[in-house]
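Enquirer: Residue numbers (the working numbering): 83 to 246. Backbone N, C-alpha and C fix where the C-beta goes; we use that ideal spot for every residue, glycine too.
(1) Under a three-way DSSP split, which group does residue 121 fall into?
(2) Check whether the Cβ atoms of residue 87 and residue 218 sit closer than 9 Å, and answer yes or no.
(3) Please identify the residue among 160, 211 and 222 whose C-alpha is closest to the C-alpha of residue 94.
(4) Less than 9 Å between the beta carbons of residue 191 and residue 162, yes or no?
(5) Starting from residue 222, follow the alpha helix (DSSP H) in both directions and report where the run begins and ends.
(6) Can you find the residues in the same chain that come closer than 7 Å, C-beta to C-beta, to residue 181, ignoring five residues on each side of it along the sequence?
(7) Assign residue 134 to one of three DSSP states: helix, strand, or coil.
(8) So the alpha helix (DSSP H) residue 170 belongs to, where does it begin and stop?
(9) When the Cα of residue 92 is compared with those of 235, 117 and 186, which residue comes out closest?
(10) Roughly how many whole angstroms lie between the Cα atoms of residue 124 and residue 98?
(11) Note down the Cα distance separating residue 137 from residue 210, rounded to an integer number of angstroms.
(12) Quick check: what's the CA-CA separation for residue 127 versus residue 215?
(13) Have a look at residue 176 and residue 240 and give me their C-alpha separation to the nearest angstrom.
(14) Between residue 144 and residue 186, what straight-line distance do the alpha-carbon atoms span, to the nearest angstrom?
(15) Alpha carbon to alpha carbon, how far is residue 111 from residue 134?
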């Protein structure tokens, strides 16, 4: 068995485990991260008098919808990563071309996860809702850390399989 292939399986499974814990925590302790989403959308801790306050959303129903959509995205990402991990594990001993094909689901899962951090947090949260201005409700560092972790795993997963 190739250690490189096993590394790919284990790293994708680790990402699946991570997303499982994130979704689990957000579901079982809904209010903690809901408060984060709520404050980011309300922009209530951005710089006083900033010219972007017209973007603020104060409707609780929108806050809940935003947060639930994030949890659904995380949950689907966990499922896709687990499914991709199983597909890779089943393909550990097949020819390189077949293992390469088995990567598709994992590549899709990691891309979807990266889009969550990049679009929802770094673009919409940090830039549109000016989350970067908040000392208390700024999730940029965590989002960038997760975007980077997923990117590294994606790069490793996308490495070509040697024939021998």
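Expert: With the given structure in hand:
(1) Residue 121 sits at position 39 when you count from the first residue of the chain shown. Of the three classes helix, strand and coil, the one that applies to residue 121 here is helix, per DSSP.
(2) Against the chain shown, residue 87 aligns to sequence position 5. Against the chain shown, residue 218 aligns to sequence position 136. The beta carbons of residue 87 and residue 218 sit no closer together than 9 Å.
(3) Translated into the one-based positions of the chain shown, residue 94 becomes position 12. Residue nearest to residue 94 within the set 160, 211 and 222 is 160 (criterion: CA-CA distance).
(4) Position 109 of the chain shown, counted from the start, is the residue given in the question as residue 191. Position 80 of the chain shown, counted from the start, is the residue given in the question as residue 162. A contact, by the Cβ cut-off of 9 Å.
(5) Taking the first residue of the chain shown as 1, we reach residue 222 at position 140. If you look at residue 222, you'll find it in the alpha helix (DSSP H) that goes 222 to 240.
(6) As a position in the chain shown, residue 181 is number 99, starting the count at 1. Closer than 7 Å at the Cβ level, and outside the excluded window around residue 181, lie 87, 173 and 243.
(7) In the chain shown, residue 134 corresponds to position 52, counting from 1. Note: residue 134 maps to coil in three-state DSSP.
(8) By 1-based counting over the chain shown, the position of residue 170 is 88. Residues 142 to 172.
(9) Position 10 of the chain shown, counted from the start, is the residue given in the question as residue 92. Per the Cα distances, 235.
(10) One-based indexing of the chain shown puts residue 124 at position 42. One-based indexing of the chain shown puts residue 98 at position 16. One C-alpha to the other measures close to 31 Å.
(11) In the chain shown, counting from the first residue as 1, residue 137 sits at position 55. In the chain shown, counting from the first residue as 1, residue 210 sits at position 128. Going by the C-alpha atoms only, they are around 8 Å apart.
(12) As a working mapping, residue 127 is identified with position 45 in the chain shown. As a working mapping, residue 215 is identified with position 133 in the chain shown. So the alpha carbons of these two residues sit roughly 7 Å apart.
(13) To locate residue 176, count along the chain shown from 1; it is residue 94. To locate residue 240, count along the chain shown from 1; it is residue 158. Here the alpha carbon of residue 176 sits roughly 17 Å from the alpha carbon of residue 240.
(14) Translated into positions along the chain shown, residue 144 becomes position 62. Translated into positions along the chain shown, residue 186 becomes position 104. Distance between the alpha carbons of residue 144 and residue 186 is about 34 Å.
(15) On the chain shown, residue 111 is found 29 positions in, with the first residue counted as 1. On the chain shown, residue 134 is found 52 positions in, with the first residue counted as 1. For residue 111 and residue 134, the gap between their C-alpha atoms comes out near 31 Å.
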